[in-house]
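*Asks:* Structure in structure tokens, see below.
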Amino acid sequence: MRNIILIGMPGSGKTTFGKAIAERLGRPFIDADDYLEEKEGRTIASLFAISEDAFRDAEERTIRDLSEKENLVIATGGGVIKRRASIENLKKNGHIFFLDRDAKDIASDVEVEKRPLLKDGPQKVYDLYQERITLYRNAADTIIGNHGTKEEVLEKILAIIEGL
250 MRNIILIGMP GSGKTTFGKA IAERLGRPFI DADDYLEEKE GRTIASLFAI
300 SEDAFRDAEE RTIRDLSEKE NLVIATGGGV IKRRASIENL KKNGHIFFLD
350 RDAKDIASDV EVEKRPLLKD GPQKVYDLYQ ERITLYRNAA DTIIGNHGTK
400 EEVLEKILAI IEGL
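Per our numbering: the sequence shown = residues 250 to 413.
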């Protein structure tokens with residue numbers, strides 16, 4: 250079966266919904282950032298300390314590896330859309346859901362100090378959202394507004410998956 254892939258801003262709900270979808274469908278869940286750290290033997294922060302390109306190269310290798318597997322629910326890193334090759338690899342064997350959550354909700358909920366690209370505070374969330382929104386929309390097979398309760402959003406996603 251094709252993979253279910255979640256893309257979106259840091260703090261958009263990719264991991265939360267990914268775990269819930271995997272549990273409901275009986276599929277393995279993979280957090281691409283965790284998988285990357287394990288596979289590369291380095292933390293994301295240490296890769297970013299070298300350069301963003303060093304991290305994106307590692308992310309691209311990780312995505313290529315994950316895209317060769319089947320039946321997974323994958324929560325990607327928020328910037329996966331910055332490399333066209335990563336999106337192309339994900340599309341080969343997966344359906345991409347963009348979890349679109351309002352930047353103001355992310356800014357108020359997310360612990361920005363734990364997110365390398367958001368460490369400059371709430372304004373960075375708004376700036377990143379504006380920078381990436383078109384890329385997310387273009388990469389997505391399905392756009393899901395992450396508004397309402399977790400259960401409502403989850404049911405919306407599961408109904409779409411059922412129809413695939």
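Each residue gets a CB set at the ideal place from its N, CA and C atoms; glycine is no exception.
Which whole-angstrom value describes the C-beta separation of residue 275 and residue 350, a residue pair presumed to lie in contact below a C-beta threshold of 8 Å?
*Replies:* Walking along the sequence shown from the start, residue 275 turns up at place 26. Walking along the sequence shown from the start, residue 350 turns up at place 101. That pair is no contact at about 26 Å.
*Asks:* With distance defined between alpha-carbon atoms, name the residue in 306, 376 and 337 nearest to residue 387.
*Replies:* The sequence position of residue 387 within the sequence shown is 138, counting from 1. If we check each option's Cα against that of residue 387, 337 comes out closest.
*Asks:* Can you name the start and end residues of the beta strand (DSSP E) that residue 349 belongs to?
*Replies:* Start at 1 with the first residue of the sequence shown, and residue 349 comes out as number 100. Its beta strand (DSSP E) spans residues 343–349.
*Asks:* Can you confirm whether the stretch 342–356 touches the stretch 389–399 when touching is taken to mean that 3 or more C-beta pairs between the two stretches lie within less than 8 Å?
*Replies:* Result yes; three or more Cβ-Cβ pairs closer than 8 Å.
*Asks:* Three-state secondary structure (DSSP) at residue 264?
*Replies:* Counted from its first residue, the sequence shown places residue 264 at position 15. Helix at residue 264.
*Asks:* Sorted by chain position, which residues of the same chain lie with C-beta nearer than 7 Å to residue 330's C-beta, five sequence neighbours on each side aside?
*Replies:* Position 81 of the sequence shown, counted from the first residue, corresponds to residue 330. For residue 330, where only same-chain residues beyond five positions count, the Cβ hits under 7 Å are 256, 336, 381, 384, 385 and 388.
*Asks:* With burial defined as no fewer than 16 other Cβ atoms inside 10 Å of the residue's Cβ, what is the status of residue 316: buried or exposed?
*Replies:* For this step, residue 316 is matched to residue 67 along the sequence shown. Classification of residue 316: buried, given that the 10 Å Cβ count is 16 or more.
*Asks:* Run through the DSSP bridge pairs and tell me what residue 323 is partnered with.
*Replies:* Locating residue 323 in the sequence shown gives position 74, where the first residue counts as 1. Residue 323 pairs with 254 and 279.
*Asks:* On a Cα-Cα basis, can you pick out the residue from 401, 353, 399 and 299 that is closest to residue 258?
*Replies:* As a position in the sequence shown, residue 258 is number 9, starting the count at 1. The option with the nearest alpha carbon to residue 258 is 353.
*Asks:* State buried or exposed for residue 412, treating a residue as buried only when at least 16 other CB atoms are found within 10 Å of its CB.
*Replies:* As a position in the sequence shown, residue 412 is number 163, starting the count at 1. So residue 412 ends up on the exposed side.
*Asks:* Over the uninterrupted alpha helix (DSSP H) stretch that includes residue 383, give me the two end residues.
*Replies:* For the purposes of this step, residue 383 is identified with residue 134 of the sequence shown, where counting begins at 1. Its alpha helix (DSSP H) spans residues 371–388.
*Asks:* Count the other CB atoms within 10 Å of the CB of residue 311; is the residue buried (16 or more) or exposed (fewer)?
*Replies:* One-based indexing of the sequence shown puts residue 311 at position 62. Residue 311 is buried by the Cβ-count criterion.
*Asks:* Beta carbon of residue 397, beta carbon of residue 254: below 8 Å?
*Replies:* Numbered from its first residue, the sequence shown carries residue 397 at position 148. Numbered from its first residue, the sequence shown carries residue 254 at position 5. Not in contact: residue 397 and residue 254 (Cβ atoms no closer than 8 Å).
*Asks:* Which residues bound the beta strand (DSSP E) around residue 391?
*Replies:* What you label residue 391 is simply residue 142 of the sequence shown in a count that begins at 1. Looking at the DSSP string, the run of the beta strand (DSSP E) that includes residue 391 is 391–394.
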